[in-house]
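First comes the structure, then the notes that go with it.
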Amino acid sequence: MVRVRIWGSLARLAEGQTEVEIEARNFKEVLDGLGAKYPGLKAHIARGVSLSIDGVIYREAWFTPVRPESEVVLMPYMTGG
Amino acid sequence: MSTIHVSTTINGAPTDFVCEHDETLLDVLRNRIGLTGSKEGCSSGDCGACSVTVNGRLVCSCLVLGAEAQDAEVHTIEGMADGPTLHPLQKAFIEHAALQCGFCTPGILVAAEALLKEKPEPTDEEVRYWLAGNLCRCTGYDKIVRAVQAAAAEMRGV
Amino acid sequence: MTTDTKRNFKVVGTRPNRPDGVDKVTGRAMYGADATAPGMLWGKVLRSPHPHAEIVSIDTSEAMKLPGVQAVVTGADFGDPESLFVSDVQEHCMAKDRVYYDGHAVAAVAATSASTAAKALKLIKIVYKPLPHVTDVDAAFAHGAPVIMHHRAFEILPPGTSANATNFCEFGHGDLHEGFAKADLIVERSFRTAATHQGYIEPNACLASYSSDGRADLWCCTQGHYHVRDLCAQIMGMEAAQLRVTASEIGGGFGGKTSIYVEPVALMLSKKSGRPVKMVMSREEVFRATGPTISSSMDVKIGMTKDGRMTAGQAVIRASGGAWPSGTMEMGAQAAFACYDMPAVKTIGWNVLTNRPKESAYRAPGAPTAIFGVESVIDEMSQKLGLDPLEVRILNAADAGTLSSYGPTFNQIGLKATLEAAKNHPHYKAPLGPNQARGLSCGFWFNFGGNTSVSLAVNTDGTVNITEGNPDIGGSRASIGMMAAEELGIPFADVRTIIGDTASIGHNDTTDGSRVTFAVGLATIRAARDAIQKMCHRAAQIWDIDPDAVEWEDGAAKPSGPNAGQFPPMTIKEIAANAFRTGGPIAGHHEVNADGAGVSFGVHIADVEVDPETAHTLIKRYTVFQDAGKAVHPSYVEGQMQGGAVQGIGWALNEEYIYGADGRLQNAGFLDYRIPVASDLPMIDAVILEIPNPGHPYGVRGVGETGIVPPLAAVANAVTRAVGTRMTDLPISPPKIMAAKAAAGK
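Residue numbers (my numbering), protein chains in the order written: chain A, 61 to 141; chain B, -9 to 148; chain C, 23 to 768.
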């Protein structure tokens, strides 16, 4: 299990929680797991999200591994100028 | 629409063209003569990207009519280098990283050349006020001022 | 990834001349409007004079009859893209049944001359039914405001919010009540920031050529030709392979050339006329229909102990990205307090629709305005508590191990070192004259990497060609070539870097997010390593030894040790000369979706002088400190820092979109929308801190965006201290200073 922090405004779609536990070994499984556990999050995830794993922000990268002790933070999809 | 026949000199070469009455010198240079080095940034004389000299006078070519070039000497960025030898200003702009995107560069070089003809040893403030009509959005002007001063020094033989 | 911090760089860190320099100082470089094609037509767009209206009818028959007119297009010529994102982009390029802002495209003409096209526009008859409009962010957010679009709110919006609100976000951690309870001083302030334009000097331009066999070519000035290709192909109903997009030289972008405007219109005109069509936007069109940033209004509340430690912070940002949904406020809400170690923090962002053009990214989108509010309140609290504002920032600065305000825990970051550099710089202690004051601000940006393809070919004479796919805005050809030369161990002059079109190399994300020197550099280094491995293999074959026993040093293969064999080094030139005999041409390539760009911090110090009579603000001295990672070409790194700072100074002092009560843009030109000119400014001192980024083999970090973040507050804080009253409404134009002084009785 990995603990995933989600940002505050998504909590409403995740039973009011900002930290949830997901069975996942990589970026993709985190997103899939979040969507399966909290279907209300699916639309937002589908629009694009980033994931910070141990302080490094990944914008896509499905197979980036996550470990049970990893700090995993869901973030909006980054864009730049 | 009837057009006007104009005989002029561009970068030292006798040149003839026809243009519409209301056609700007910038449009003539770019679209009829093929000299696209002068740029259109605003077509209202606010950005200086189209700077050329007409009879030695620095102008925005978007504010001059093509017809006004009759019997005139027009000088554009394409005539600045001496064949393969770059003008000291051109060399200095490259060496001092005074351009980023390069779009305002032709106009600024033409304007700076006109400045140094008039004032071979300008102060930084004089450079800044002279170039105040040439907008650059990339550099913050710092390296442009330094490049103009470096070229001025070289041209004075310092 | 390991970063080679001990590496003794030979090319990286030097300042060679850029390879595109001569073309750009002689007028030879080809920008968006500089291309022509045989039989080319000129396209022009008719734009709405209404900020919000229904299009009742469009009659183009008279325009079509004008001699020289070859095609007319309207929204009816375009289909309905499947993707909502593409559909929004398309609708912004050409209205369908409604116009949403002053300047919205409603029809376009292609004719044999630009003047004929302009005349034809006047013959198009459009009947509009004007609708109520709203252009102000706070007015649009209020209940009862004219509704711009229905059913565009995300599902995360709390029920009962404004009908124009589309997006909502909240970030933060800790207990705010507890945090504010611990504070000795709490300050709460509201701020407003005007929309600004990226202000690139080159207007958007393109040349489209659509053939009757369904293939098309598009030449345009863009930050991302692959993105242009994908958007236009979807809008035109084409397969990606059939549309080749070539990026011209680009005359500035700053985020403003990351989308499309006239490109699909030119393609449609070309398709209908059967001829190439060139379109060049006027400056007025650029202002009315491209670019601008969000406009925003926000409330910031901070609690601080009397010795300057922040105990809690809160920011509520209301932003508008124009008439279509925008997520920029999410990045602002994340960035607002990112510089600080906050025991308790909460940031909230709202996006609301207004009758303005669709926002485009601008250098660190969302961050400058959000950080302006936070840095202004920190300055005010420092003043009230009698503390040095720089010391307050050092005391609260985020560091390795800090839980960031947007979620993740920071790894190694360079903010403290940047603040210390500012503190120790002579500028911070320099004396000030009458009517002068000093302001400072921190800044933050995320940076990212992204999808990148690089191909590196070794020529038979041992020189190297690199093909990459990111338009060069500020000298990236030089930086990329330098990294290749460094890795290969050859002179920079032996490398030529070109930017391929969409048909010549794999996908590349847009030149944005401060990504190119980082991500394309990383891919180039790996492409060079790929080629090196192949060259070592060729040398091993020639020497008849094990390829694993060959290593690469100083541009040559050599046996890795005495046991490997006794051979003199074989240079790249020797290996390349024998390439055909040893297996064929030699090339390396690398494709990656690069992550690990690493966040970036900056600190700016601004000295201003405010004329007591005219309230004109003059920047007297300005210094930028930024953690740039390893600076590949220091002159171009300085250039990014200086250019970003001056754009931020413009945002702080001069630049704003001004809409009238009629909903029309009142200052669509460089005379009335005033970007900084040379005589407005002093030299901009740039201090580069090279704190290596562990995510890049040479420690490179993106530098393009952070520089625009601090100036808004640095200048506002300086002006505030000079005039003695807090300036909270950007831009700080003279009338606003006069009004603020009058209100404060000064």
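We put the beta carbon where it would ideally sit given N, CA and C, even for glycine.
Predicted model, so just to flag it, every value in this text is computed and none were measured.
Rounded separation between residue i and residue j - CA only
i         : j        : result
ALA122/B  : ILE98/B  : 10 angstroms
ASP92/A   : PHE432/C : 26 angstroms
GLY721/C  : GLY624/C : 17 angstroms
MET23/C   : ILE370/C : Here MET23/C scores only 49 on pLDDT, less than 50, and its place in the model should not be relied on; the value that follows carries that caveat. Using only the alpha carbons, I get a separation of about 35 angstroms.
ALA515/C  : ASP552/C : 21 angstroms
ALA744/C  : GLY522/C : 51 angstroms
LEU101/A  : CYS191/C : 14 angstroms
MET145/B  : ASN39/C  : 20 angstroms
VAL287/C  : THR524/C : 20 angstroms
ALA59/B   : ASP72/B  : 23 angstroms
CYS128/B  : GLY201/C : 42 angstroms
THR(-2)/B : LYS29/B  : 20 angstroms
VAL117/B  : HIS638/C : 21 angstroms
ASN676/C  : ASN124/B : 17 angstroms
GLY246/C  : ALA452/C : 44 angstroms
VAL62/A   : LEU425/C : 18 angstroms
MET403/C  : GLY746/C : 14 angstroms
VAL126/A  : ALA366/C : 27 angstroms
ALA101/B  : GLU111/B : 15 angstroms
GLY804/C  : HIS249/C : Because residue 804/C is not part of the residues shown, which for chain C are 23 to 768, the question remains open.
Cβ pair residue i, residue j closer than 8 angstroms
i        : j        : result
GLY670/C : ILE730/C : yes
ASN689/C : ILE680/C : yes
LEU198/C : LYS438/C : no
ALA225/B : ILE23/B  : Residue 225/B lies beyond the residue range present for chain B, which begins at -9 and ends at 148; the question has no answer from this structure.
LEU229/C : LYS279/C : no
GLN664/C : ASP132/B : yes
PRO181/C : HIS74/C  : no
GLY577/C : ILE502/C : no
TRP346/C : ASP110/C : yes
ALA667/C : PRO733/C : yes
Element boundaries [alpha helix (DSSP H), containing residue i]
i        : result
LYS652/C : Premise fails: LYS652/C is in no alpha helix (DSSP H) and is neither H nor E.
LYS438/C : 437 to 445
TYR119/B : 114 to 120
PHE466/C : First-last for PHE466/C: 458 to 467, but that is the beta strand (DSSP E), not the alpha helix (DSSP H).
ALA295/C : Note that residue 295/C corresponds to Ser in the displayed sequence, not to Ala. It spans 285 to 295 - the alpha helix (DSSP H) in which SER295/C sits, taken as one unbroken run.
PHE163/C : 159 to 163
Contacts that residue i makes with chain A (C-beta to C-beta distance below 8 angstroms)
i        : result
SER536/C : GLY140
For residue i, the first and last residue of its enclosing beta strand (DSSP E)
i        : result
LEU22/C  : Nothing can be reported for residue 22/C, as the shown portion of chain C is limited to 23 through 768.
PHE193/C : 187 to 195
PRO581/C : 578 to 581
ILE627/C : 622 to 632
SER231/C : 227 to 232
ARG107/A : Note, ARG107/A: premise wrong, no beta strand (DSSP E); not H, not E.
ARG211/C : 207 to 215
PHE602/C : Element bounds for PHE602/C: n/a, residue is neither H nor E.
Supposed contact pair residue j and residue i - C-beta distance, whole angstroms, cut 8 angstroms
i        : j        : result
ASP401/C : ASN739/C : 4 angstroms
GLY691/C : GLU306/C : 6 angstroms
ILE713/C : ASP649/C : 5 angstroms
Interface partners of residue i on chain C, CB under 9 angstroms
i        : result
PHE83/B  : GLY43, LYS46, VAL47
VAL109/A : Within chain C, no residue comes near VAL109/A; the closest Cβ sits about 11 angstroms away, beyond 9 angstroms.
Chain B residues whose Cβ lies nearer than 7 angstroms to that of residue i
i        : result
LEU703/C : GLY130, TYR131
SER304/C : SER33
Contacts that residue i makes with chain B (C-beta to C-beta distance below 8 angstroms)
i        : result
ASN39/C  : ILE84, GLU85
PHE692/C : GLY31, CYS32, SER34, ASP36, CYS37, LEU125
ILE223/C : LYS29, GLY31, CYS37, ALA39, CYS91, PHE93, CYS94, LEU125, CYS126, ARG127
Amino acids of chain A, ordered along the chain, whose beta-carbon sits closer than 7 angstroms to that of residue i
i        : result
ASP494/C : The contacting residues do not exist; ASP494/C stays about 16 angstroms from chain A at best.
Chain-ordered neighbours of residue i on chain C, where CB pairs are closer than 7 angstroms
i        : result
GLN90/B  : ILE495, GLY496, GLY497, GLY661, GLY665
ALA103/A : GLU177
Partner residues on chain C for residue i, Cβ-Cβ distance less than 8 angstroms
i        : result
VAL135/B : ALA700, MET705
ARG72/A  : ILE178, PRO180
Proximal chain B residues relative to residue i, where beta-carbon distance stays under 9 angstroms
i        : result
SER270/C : Result: empty, since nearest Cβ-Cβ is about 11 angstroms, beyond 9 angstroms.
GLY455/C : By Cβ distance, chain B contributes nothing, its closest Cβ being about 17 angstroms from GLY455/C, past 9 angstroms.
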